[in-house]
Amino acid sequence: MAKVEISLDAELVVEVMVLAGVGSPQDAVELVVRDYIARGHRTEARTELKDRTRRETDARPQEPQG
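Each number in our numbering corresponds to the 1-based position in the sequence shown with 270 added.
So, in C-alpha cells, the structure goes:
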C-alpha cells in the first residue's frame, strides 16, 4: 500500500496517542483514520437499512380510507 507523509500539530498527535493508548504517533493517527472510516461505513449501512424499510413501507398497498 502506498504511504503518505503529512504534518500535524504535535499537541494534537500527543492527545490522540494518549486517548488511543499507543506509543507511536503513526499508529495513533492510523487508528483514528481507520475508526473514522469504519464509523462512516456503519452510518451508511444504518441509513441504507432505514431507507430500504421506508421504501418497502411506502410500496405496500394502502387500505381504502373513508
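Positions of the beta carbon are idealized from the N, C-alpha and C atoms, including for glycine.
Can you grab the Cα-Cα spacing for the pair residue i / residue j, in whole Å?
i: A280; j: R322; result: 44 Å
i: V299; j: K320; result: 32 Å
i: G293; j: E285; result: 11 Å
i: M287; j: L301; result: 10 Å
i: V283; j: D305; result: 15 Å
i: I276; j: E314; result: 28 Å
i: P334; j: E318; result: 30 Å
Any idea if residue i is buried or exposed, counting beta-carbon neighbours within 10 angstroms, 16 or more meaning buried?
i: A308; result: exposed
Considering only C-alpha positions, which residue in the set the options is nearest to residue i?
i: V274; options: E314, V283 and Q296; result: Q296
i: V303; options: A290, Q335 and E333; result: A290
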